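A short write-up of the structure that comes next.
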Amino acid sequence: MICLSLRSIGTPLARPARLSQPRPRVSIHDRTPHGPSAAAKPAGTRSRNPFLRRSLLVLMPAGMLNCEQNVGRDAAVRLTLVMAAVVVVLTMPCAAETLTYVDLVNRLTDLEALAILPVPGETCAQASSYDRASRYDEQTGKYVAWDANGDGGGYIRKEGESFVIAELKGPGCIWRTWSARPLAGHVKIYLDGAPEPAVDLPFSGYFDLSNAPFNYPGLVHDASSGKNCYVPIPFQKSCKIVADPGWGAYYQFTYSTFPEGTVVPTFTRNLKIDELLALERASRIVTKNLGMDPVKRSRSMPTIAKAVSVAPGETVTVASIDGPNAITSLRARINDNDHPWELLRSVLLKIYWDGEPEPSVCAPIGDFFGTGPGLKQYKSLPMGVTATDAYSYWYMPFGKSAVIELTNEGKSEFATTLFVDVDKLDKPIDQLGRFHAKWHRDAFLPTEDERWIDWTILTTEGRGRLCGVALEVWNPKGGWWGEGDEKWFVDGEKFPSTFGTGSEDYFGY
0 MICLSLRSIG TPLARPARLS QPRPRVSIHD RTPHGPSAAA KPAGTRSRNP
50 FLRRSLLVLM PAGMLNCEQN VGRDAAVRLT LVMAAVVVVL TMPCAAETLT
100 YVDLVNRLTD LEALAILPVP GETCAQASSY DRASRYDEQT GKYVAWDANG
150 DGGGYIRKEG ESFVIAELKG PGCIWRTWSA RPLAGHVKIY LDGAPEPAVD
200 LPFSGYFDLS NAPFNYPGLV HDASSGKNCY VPIPFQKSCK IVADPGWGAY
250 YQFTYSTFPE GTVVPTFTRN LKIDELLALE RASRIVTKNL GMDPVKRSRS
300 MPTIAKAVSV APGETVTVAS IDGPNAITSL RARINDNDHP WELLRSVLLK
350 IYWDGEPEPS VCAPIGDFFG TGPGLKQYKS LPMGVTATDA YSYWYMPFGK
400 SAVIELTNEG KSEFATTLFV DVDKLDKPID QLGRFHAKWH RDAFLPTEDE
450 RWIDWTILTT EGRGRLCGVA LEVWNPKGGW WGEGDEKWFV DGEKFPSTFG
500 TGSEDYFGY
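By the count of numbering that gives the first Met the number 0, the sequence shown reaches residue 508 at its end, each step adding exactly one.
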């Protein structure tokens, strides 16, 4: 389950009976063609959150057209099939893997890797400065102080005058380091039991591009006011992070753990030439090459290009593709800009995998491309909007077939040209998940009194990876909407393994 708390600054929140402001879309790769329903994002984090049994995410409200039934009522039937598949998969042994630092860096920009199903023992979580007053009481089964908002200085314990802010077991890797207010106090990262820290810098020094290897502008940048660092920090046995007085306020460390027996290098700032080149390449991809396919494929199949005009109430099949193959690029050229917001919200993009009766992708075409409020130019690695096209580079494998449809639920005719790139698979289809993207406003209303502040974005079962969330916010009150914390409850855990410091921070701030 994935949730976002409803907290704001400036306007007190009443307990909602039904809300209609934010509209999230979640994208996941799942074990079967009709597994978890979701609604997706390219948003600023590159963490890949795998789940083996159940995943719950709560964010803020969203909007749904006719797709809502696919997230809500249908889900129970389809998720039963996913769970059955998981039981079989979990009995299969997995071989130990050796990952080099170059391998880990390449994962930052490898969208194809997101389709590879997680193996038992692979997890993703976050260490953050969330308010420690928020807790789960095991004796009463209740959530206490769930709306606490002192998220700037939470820590595990004090050692002398310093603060232990993270203790992680390996093998693992920190993918993302974030802070809203890093200052001059040192943050030290101790790896694999070493008495001396592998990194010992002022916290601001992780983000100011003055200290190698945290000096690649594509990987270390300010999204707005928040500081983001995507230089991987792997560890084999353990990771302990200690902050000295004056370190600042607000932190997040997003990390993965790998199955027992996985071998990863212990991070050092003295990287080898090939490792530095890998960081430089990743930085270049997310700066100079944004908007281009991150994998320069030698296309084995011609691009499918189809101009369509969809009348109100009509459904048009754009493409029907035989498998096994993968959609590697999907672009839309919007030809009618007279009513862009209404059209982008009223026309549904649907994709069916392998003959399934209900679409795994079902979202307004604007929200699918991350531009729900109208055509707004932006660029990110998996998707964006240029002066001519909206693009998606999500890797979408399928076994037997893929069918792409457009359904017009609006009042005006919709004209577009879709371009679809397809490539052959380089892995067996049974190792790959199917891509899902769903959009909703209030498919999962709060049910627990002490957690009314949480708004569920996604609840699903099965085996897969959550790739991200796109959130559109309608804010009629005018107060700052972004104080709610994202929470990720994975595989039945009672307290979320990811507990954020504010929804604006989740998106990189």
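C-beta atoms are modelled at their ideal positions from N, C-alpha and C, and glycine is treated no differently. Computed from a predicted model, the values in this text were never measured in an experiment.
- Annotation for Y392: no beta strand (DSSP E) segment contains it, and DSSP assigns it neither H nor E.
- Secondary structure of E355 (DSSP, three-state): coil.
- For the pair G217 and V285, the CB atoms are nearer than the 7 angstroms cut-off.
- W340 sits exposed, since fewer than 16 C-beta atoms from the chains shown fall within 10 Å of its C-beta.
- If you look at D422, you'll find it in the beta strand (DSSP E) that goes 413 to 422.
- Residue range 198 to 201 is occupied by the beta strand (DSSP E) that includes V198, with no alpha helix (DSSP H) assigned at that position.
- In this structure, the beta-carbon distance from F434 to T302 does not fall below 7 angstroms.
- Minimum Cα-Cα distance from K349 among the listed residues K168, L380, D490, N407 corresponds to N407.
- Beta bridge pairing from DSSP links P233 with C172.
- Only exposed fits R156, as fewer than 16 other CB atoms lie within 10 angstroms of its CB.
- In the three-state reduction of the DSSP assignment, A277 falls in the helix class.
- Collapsing the DSSP output to three states places N210 in coil.
- Residue burial is scored here from C-beta neighbours: N324 has at least 16 other C-beta atoms within 10 angstroms and is therefore classed as buried.
- The segment 270 to 280 and the segment 187 to 206 do not touch, with fewer than 3 CB-CB distances between them shorter than 8 angstroms.
- Spatial neighbours of F266 in its own chain (CB-CB distance under 7 angstroms, excluding positions within 5 residues in sequence) are listed in chain order as L190, A197, I232, P233, F234.
- Taken through DSSP and simplified to helix, strand or coil, I364 comes out as helix.
- For I333, same chain residues with a beta-carbon under 6 angstroms away, outside a window of 5 residues either side, are T415 in chain order.
- DSSP lists S400 as the beta-bridge partner residues of D321.
- The segment 492 to 506 and the segment 125 to 139 touch, with no fewer than 3 CB-CB distances between them shorter than 8 angstroms.
- Relative to the Cα of Y508, the nearest Cα in the group V489, W479, D490 belongs to W479.
- Secondary structure within the segment 432 to 463: the beta strand (DSSP E) runs of 3 or more consecutive residues, fully enclosed, are 433 to 438, 453 to 460 (chain order).
- Assigned with DSSP and collapsed to three states, Q251 falls in strand.
- Taking C-alpha positions only, V402 is separated from A304 by approximately 14 angstroms.
- DSSP places N105 inside the alpha helix (DSSP H), whose first and last residues are 100 to 105.
- According to the DSSP assignment, D504 belongs to the alpha helix (DSSP H) that extends over 502 to 505.
- For D448, the closest alpha carbon among the candidates A222, V309, V346, V143 is that of V143.
- DSSP places D243 outside both helix and strand once states are collapsed to three, so it counts as coil.
- Cβ-Cβ separation between S255 and E121: approximately 7 angstroms, consistent with a contact (criterion under 8 angstroms).
- Counting C-beta atoms within 10 angstroms of its own C-beta, K239 has 16 or more neighbours from the protein chains shown and is therefore classed as buried.
- About 28 angstroms separates the Cβ atoms of T455 and Y392, ruling out a contact at the 8 angstroms cut-off.
- Between the C-alpha atoms of P244 and C172 there is a straight-line separation of about 26 angstroms.
- The beta-bridge partner set that DSSP reports for K271 is empty.
- Residues of the same chain with a CB within less than 8 angstroms of the CB of Y377, apart from the 5 flanking positions on each side, are G369, T370, G383, V384 in chain order.
- Under the Cβ criterion (8 angstroms, minimum of three pairs), the segment 96 to 113 counts as touching the segment 246 to 264.
- Around the C-beta of M395, 16 or more other C-beta atoms lie within 10 Å, and the residue is accordingly described as buried.
- With a minimum length of 4 residues, the unbroken runs of alpha helix (DSSP H) contained wholly in the segment 99 to 164 fall at 100 to 105.
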